[in-house]
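>
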Amino acid sequence: MEISAKEAVQQLHDIFKSVKENYEQNIEEISYCDSEYLDLNHALEFFDADQIGHLELVSQLQENRRRRRKAKDENERLQPLYELVTQKKELVNEVNKGRRTIQGIIKTQAGRRYTPRVRSDLQSIFDEVRAANQNVSTHQEHGV
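Laid out in structure tokens, this is it:
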């Protein structure tokens, strides 16, 4: 499998971001489910059976518990990565620094051009080849 430096560092950045976001979204889901569970239980406690659709409430309780379990299980799996991302901020900062450095290198490389030392008559050919290569690169980047 070939992967460019730009793709590799972008994937690392995206992974770190996704782990943190998913973990925190799961925390919110767990909290919501806990509050909803209390509401549903209080409905069972205070409402008469004829006031609520008993089977519907049981179904809602079951769905609530399943959503909560799913979020808790996912966070249990994400926990080691979440700790890495949140406790090792220098690692995240280094990946971001590497990402910026690689983007700068790519930009510098794209602007490079060769200037003949003594054979200035070749300059126009170098310029034509460079322009043709840039067109090919642009088409490849855009999937053309």
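19 is the number that the numbering used here gives to position 30 of the sequence shown; each next residue is one higher, with no gaps.
Beta carbons are placed, not taken as given, at the ideal position from N, Cα and C, and that holds for glycine.
A quick note: this is a predicted structure, and the numbers were derived from the prediction, not measured.
Considering just the uninterrupted stretch of the alpha helix (DSSP H) at Ser(-7), what are its terminal residues?
Element bounds for Ser(-7): n/a, residue is neither H nor E.
> Rounded to the nearest angstrom, how far is the Cβ of Val138 from that of Leu80, given a contact under 8 Å?
In the structure displayed, the chain extends from -10 to 133; residue 138 sits before or after that span and is not available.
> With distances taken Cα to Cα, identify the nearest neighbour of Arg138 among Ile91, Glu(-9), Gly87, Gln123.
There is simply no residue 138 to check, as the chain begins at -10 and stops at 133 in what is shown.
> Quick check: what's the CA-CA separation for Ile(-8) versus Gly93?
Cα-Cα distance, rounded: 18 Å.
> Helix, strand or coil for His2, going by three-state DSSP, please let me know.
Helix.
> Rounded to a whole number of angstroms, what is the C-alpha to C-alpha distance between Glu13 and Arg56?
Roughly 15 Å between the two C-alpha positions.
> Could you have a look at Gly93 and say whether DSSP puts it in helix, strand or coil?
Here Gly93 sits in helix by DSSP.
> Helix or strand or just coil, what does DSSP make of Arg55?
Reduced to three states, the DSSP call for Arg55 is helix.
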